[in-house]
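Each residue of the sequence shown is one higher than the one before, starting from 328 at the first, in the numbering used here.
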Amino acid sequence: MKFGYFLSETVQNLRRNLLMTIAAISTVAISLLLLGGVQILGMVVNNVTLSWEAKVEVSAYFRDNAQPAEIENLTRDVEAMPEVEQVFFVSKEQAFEEYKEIYEDQPEFWQNVPEDSLPASLRVKLTDADFTEQVAGTIRGAPGVDDVRFGGDILKRLLQVNSLLRTITFAMSIILLVAAAALIANTIRLAIYARREEIGIMKLVGATNWFIRIPFLLEGLFAAFVGAIIASLAVVGAQWAVFDNLGEQIAFLGPVFSFSTGEILSVLGILFGVGCMIGLVGSGMALRRFLEA
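Okay, here's the thing in structure tokens:
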């Protein structure tokens, strides 16, 4: 009986303040969508980082006048490093063949290039990308080495950009979540004000504060829950329409945009959890001020 009463009162409150409820739902949905975007962006960058780290290698390019003994000594010393998994020697001829393969469809890039114009090199695969700078620094001063290159700088920039984007998006989502809580609180205040005489009568006949509060709490939860549903559908839709399709059409993006069911469910769980919290906070703000404890 009580549940039916609470449900009926909640529906009436929603109807009385329909426009405010729609505004609150929309704000919750947008803010949660931004929050979901932060989570998805974090997973994308994490996949990029893992993929990149798996491919990071140090390349040591030899001078044209490097002696065979210098190359052999460096190869032996690098192979002995505990941070190194594998070492590959790439001759001038092999480097040229790889260059041709890269620009196979653009022969003008290599037809007039002498086959011995590219330097020989050592490609060093590491056990962990964290050792990149350490190993590169050791190789850089070796006899016969002209230059040492690795992808550490690109990875650092990627992580910096990711950190900046996540900070900005997270800040925007927090601002919108606060606005959503304020909108829900204002919606509840209007509902309380519209029913102030009825609430006064209920108190006179002995209704408890919680009996009066529950329909308003349910109203705030409803707005937040619907907003969370909209945001979740948008996240799942974006994952299917954008990420899955891009992963299928562009092969190298497949691992980057590949998310497990558990990862997606964790994002949705965060959205619903935060949404319900916002609904309770917004309702609580209004009830604490306009109804005596």
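The beta-carbon is built from N, C-alpha and C at its ideal position, and this holds for glycine as well.
Handout entry: Buried or exposed by the 16-neighbour rule on C-beta atoms within 10 Å, applied to Leu361
Key = buried
Handout entry: Spatially closest choice to Leu614 from Arg403, Phe543 and Leu453, by CA coordinates
Key = Phe543
Practice task
Sort out for me which residues DSSP pairs Lys452 with in a bridge.
Solution key: Glu384 and Gln413
Problem - Spatially closest choice to Leu275 from Arg540, Thr514, Ala551 and Ala521, by CA coordinates - result: Any question about residue 275 goes unanswered here, given that the chain covers just 328 to 620.
Practice task
Could you check what DSSP says for Val440 in three-state terms: helix, strand or coil?
Solution key: coil
Handout entry: Exposed unless 16 or more other CB atoms sit within 10 angstroms - verdict on Gly609
Key = buried
Handout entry: DSSP three-state assignment for Arg476, whether helix, strand or coil
Key = strand
Problem - Enclosing alpha helix (DSSP H) for Asn392 [first to last residue] - result: Careful: Asn392 lies outside any alpha helix (DSSP H) and carries neither H nor E.
Practice task
Pick helix, strand or coil for Ser358, following the three-state DSSP scheme.
Solution key: helix
Practice task
Check Gly586 in the structure and name its three-state DSSP category.
Solution key: For the record, residue 586 in the displayed sequence is Phe; it is not Gly. Here Phe586 sits in coil by DSSP.
Problem - DSSP three-state assignment for Asp404, whether helix, strand or coil - result: helix
Practice task
Starting from Arg467, trace the alpha helix (DSSP H) both ways and give me its first and last residue.
Solution key: Thr459 to Arg467
Handout entry: Ala356 vs Ile557 beta-carbon contact at 7 Å
Key = yes
Handout entry: Candidates Ser444, Arg522, Phe477 and Glu406, of which the one nearest Gln421 by Cα
Key = Ser444
Exercise for the section: For Glu384, count neighbouring C-beta atoms within 10 Å of its own C-beta (all shown protein chains included) and say buried if the count is 16 or more, exposed if not. Expected result: buried
Problem - Same chain only: Cβ atoms within 6 Å of Val475, ignoring 5 sequence neighbours per side - result: Ala387, Ala463, Ile466 and Arg467
Practice task
Express the C-alpha separation of Asp457 and Trp537 in angstroms, rounding to a whole number.
Solution key: 57 Å
Practice task
Report yes or no: do three or more beta-carbon pairs, one from the region 483 to 497 and one from the region 403 to 415, lie closer than 8 Å?
Solution key: no
Exercise for the section: For Gln366, I'd like the list of residues in its chain whose CB is within less than 6 Å of its CB, leaving aside the five on either flank, ordered along the chain. Expected result: Val594
Practice task
Say whether the region 341 to 350 touches the region 489 to 501, bearing in mind that this needs 3 or more beta-carbon pairs closer than 8 Å, one atom from each stretch.
Solution key: no
Practice task
Decide if Ala508 is buried, meaning its Cβ has at least 16 other Cβ atoms within 10 Å, or exposed.
Solution key: buried
Handout entry: For Leu449 and Val488, believed in contact at Cβ under 8 Å, the rounded distance
Key = Not quite, the Cβ-Cβ distance comes to about 31 Å (not below 8 Å), so this is no contact.
Practice task
Would you verify that the beta carbon of Ala456 is, or is not, closer than 7 Å to some beta carbon of chain B?
Solution key: Included in the structure is just one protein chain, with no chain B present.
Handout entry: Beta-carbon proximity list for Ala350, same chain, < 7 Å, skipping 5 on both sides
Key = Leu510
Exercise for the section: Could you check the C-alpha separation between Pro470 and Pro446 for me, to the nearest Å? Expected result: 15 Å
Exercise for the section: Would you grab the beta carbon distance between Gly363 and Val562 for me? Rounded to a whole angstrom, and I think it's under 8 Å. Expected result: 4 Å
Exercise for the section: Name the residue from Leu531, Thr348, Ile528 and Thr402 whose alpha carbon lies nearest to the alpha carbon of Val417. Expected result: Thr402
Problem - Reference Lys419, options Asn400, Glu442 and Glu399, closest by Cα - result: Glu442
Problem - Distance between beta carbons of Leu359 and Leu598, contact taken as under 8 Å - result: 5 Å
Exercise for the section: Could you round the C-beta distance between Val375 and Val405 to whole angstroms and report it? I think they count as a contact, below 8 Å. Expected result: Not quite, the Cβ-Cβ distance comes to about 27 Å (not below 8 Å), so this is no contact.
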